[in-house]
Each structure stands twice: as C-alpha cells, then as structure tokens.
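Please read the structure below before turning to the comments.
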Amino acid sequence: MRFLFFFLLSSCSILSAQYSKGTVYFGQESGIEFLSVTDGLFGGFGMRARGGYFVRDRLLLGAAVEAGDFASISSRNQFQFTPFARYYFPLGKSRNAQLFSETGLTINFDEQAALSPSIALGGEYQIAPGAMLTATVRHNFNTQRLPRLFTLGVGLNVLFGEQHSLDPALGHVNKAGDLLLNPSIGNAALGLNFSTEYAFATVQLDGGFFLSNHLALMVRAGYNTFRADVGTDILPRNLTSNETVLGMGLRYQINNGKQWQPYVQGGLQRLRREQAGNQYFINGISFDEISFKHLSFDVGAGVMYHLSTTVALDLGLSWLPIIQSQYPFIPPGDQVAANFRIVVFPSRSGQN
C-alpha cells in the first residue's frame, strides 16, 4: 500500500493587482521522483507544496516542502525544506503573462541538513482569475551530499488576496459543459551525482467534463520515465524504467452551488511498467528486464472546498483493488491513495 499525495506548481494593471503586497501564494505538485544512492538509482512518489506571501508588489518570499517515499532498502524517506525569494517582471504589454526569477536554498533533513543552493527562471499565464499555469527552469548546484539537478517543470499555482476573496453571490454552480482541471502537468530533470548521470521526466494530466449539474466524466493520463548510467567504459550498464497510467470514471458531485461540495466516484485504472538494467530472478532464472501491467478498480470519495469561483481544494481518498495483473513476481497488494489537489474551473471565469 502506498500513499500518494497529489499536485505543481501572469502586465498591466489587472495582473499587477494580483501580485500586490499582501497577496498569498500557494502551489502544489507531485509526480515520480528519483534518488541516487550508492547502489544505484531508485524511484518513488513525492509531494511538494509551495507557499508564500508578497511582502511588496511583485516580490514573493516563501518556502517549499517536499516529502518522498523511495523504493530502496538502503534509501530513506526524504524531507526537504526550501526557503526562496521570487520577483515578477511584466512581459511586454501582455494582460495575462508574467516572467519571474527565483533563488532558494534547499535543506535536506535526511542528509544531516545538507544544503544545496538553487536558481530558477520562469513564467506564468493566467487561465482563470487567481489561477496561473507556471513553467520553470531550475538549477540545483551539487554539494558533497546532494546531486546537481537541472529541472524543467510545468505546473499550476493560485493566488489569494483581497481581489480573489470569496463572493457567495457569484456561486459555484456546476453545469453541463464545465471543465475542471487538477493536473501535475509535467517535470523533467537532468542530474549528476558524482559519476552517475541520470534523467527523469513525468507528465500527469487529470481533469473532467460535467455531463450534467452533478455528474462529471473524469479522465487521468500519466507517463513517467527515467534513465541512469551506472556502468563503466569497460562494462556499460544503464537502468531504465517506463510507466504509463490511464484511467477513466464518473464522479457524482453533491451540494451543487455551495462552497462545500462532497462527491463519490468510480472507474478503472490501467498501469503498465517496463524495467531494465537490474538483474531479476524468477524461479532461479535470471532476467535483465521485466514488464508488468495491472487493471484496477478506482473507487473513492472526497470533498471540494471552493476558495473562489474558479479555484477549489480537493481532498479525497481512493481505493484501487487490482482485478487483473500480469506480474512475474508475487502480485502487489491493493493501493490506497490520499489526494490533496488544487482544482481549477477555467470555464467559470466569465462569472467573475
């Protein structure tokens, strides 16, 4: 059983107000993570959350927290804390876009509080009032205990301030044709840890389409991959892994039009993974690569809490019992997922 915590991470007068002093920033992202240790590269799922406060117009001070669960006996769950400063710049005469520069210092508490400075450049584009798509290029400098990372990320963040406060008169009515998006959109990184070169990427797209005031069709698509060079010039060796996740189901939303909207949902999820580069033993026979796939039910319940007309927090719990598995070893157990997500309703932006 593995617990997954989902989510990632715009000038004229309209957007300048959004980045004004006193505004609160929140972003959340999730996806596959990779940790390089002495006996190779190991993957797992992690959660990162960013929060901050505009101490002056366009200047954001904040912190990011990351927790990861890595699948290796010799590695441990990691916990990282990164204070950062970010400054936003206008992008020409655009009414919906901003650029930013950022600097931070990562503290890894699982490595005796090892420090790793970072710099980043990025941009944001408003897709709904108070909700921005964010693209970032980030470089983490290597230290004695932490690897060097070059990261490309695309995510989502939201802003809360006086101009984004909740107005009950606007309502939060779901209607046929409305879209909802809650993606961890994408992330890719190139890294170097001593002599080990590695790269990984993830794309996750979750969303839905309301068929009626209460019923929504939900879809999920994800792809994760990594490559690591752990060999030598004499004996080359690469570790690889590719994983694809597809899902579809129905969600029934209760209490339509209210700030709190509970829901129940059900559907199917299919996962396929291919791994190569390690030595696997099945009934005494050695294999250099394996592949497996699962088909699972996905049933769950949760609640959405609207922070504004176009932005909500989604807290849910899902159970994924496996109904069909093709796995060379002992089949894995059922999965339970606890989800915390930001949800954006771009088609409601006209209500503001």
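With mature numbering (1 follows the signal peptide of the UniProt record, and there is no 0) applied, the sequence shown corresponds to residues -17 to -1, 1 to 335, in that order.
Using N, Cα and C, we set each Cβ at its ideal position, and we do this for glycine too.
Keep in mind that this is a model prediction, so the values were computed, not measured.
- In terms of Cα proximity to L43, the closest of F62, P66, E49, A32 is P66.
- Excluding the 5 residues flanking it on each side, F92 has same chain C-beta neighbours closer than 6 Å at F62, in chain order.
- Annotation: the continuous beta strand (DSSP E) that includes Y108 extends over 97 to 111.
- The beta carbons of Y108 and N140 sit no closer together than 9 Å.
- Boundaries of the beta strand (DSSP E) around V319: 318 to 327.
- The beta-carbon separation of F280 and I306, rounded to 6 Å, stays under the 8 Å limit for a contact.
- R78 carries a coil assignment under DSSP once its states are collapsed to helix, strand and coil.
- Rounded to whole angstroms, the gap between the alpha carbons of R331 and Q309 is 43 Å.
- Our two residues, H289 and A32, have alpha carbons roughly 19 Å apart in a direct line.
- In this chain, the beta strand (DSSP E) harbouring H122 covers 114 to 123.
- CA-CA distance, V48 to E226, rounds to 26 Å.
- Per the DSSP secondary-structure output, H197 pairs with nothing in a beta bridge.
- Taking 9 Å as the cut-off, the beta carbon of A118 is found closer than this to the beta carbon of G106.
- Under the three-state reduction of DSSP output, R331 falls in the helix class.
- Listed in chain order, the non-local C-beta contacts of P304 below 7 Å within the same chain comprise S279, F280, D317, local neighbours out to five positions each way being set aside.
- Contact annotation: L88 and L98 have beta-carbon atoms nearer than 9 Å.
- Here the alpha carbons of N125 and F193 stand approximately 46 Å from one another.
- Taking 8 Å as the upper bound for CB-CB distance, G190 and L163 are in contact here, some 6 Å apart.
- Rounded to whole angstroms, the gap between the alpha carbons of V38 and Y246 is 37 Å.
- Distance from the CA of N238 to the CA of S301, rounded to the nearest whole angstrom, comes to 20 Å.
- Distances from the alpha-carbon of T134 to those of P112, K76, T185 put T185 closest.
- Within the same chain, L82 come within 6 Å of F72 by CB-CB distance, once the 5 residues on both sides are set aside.
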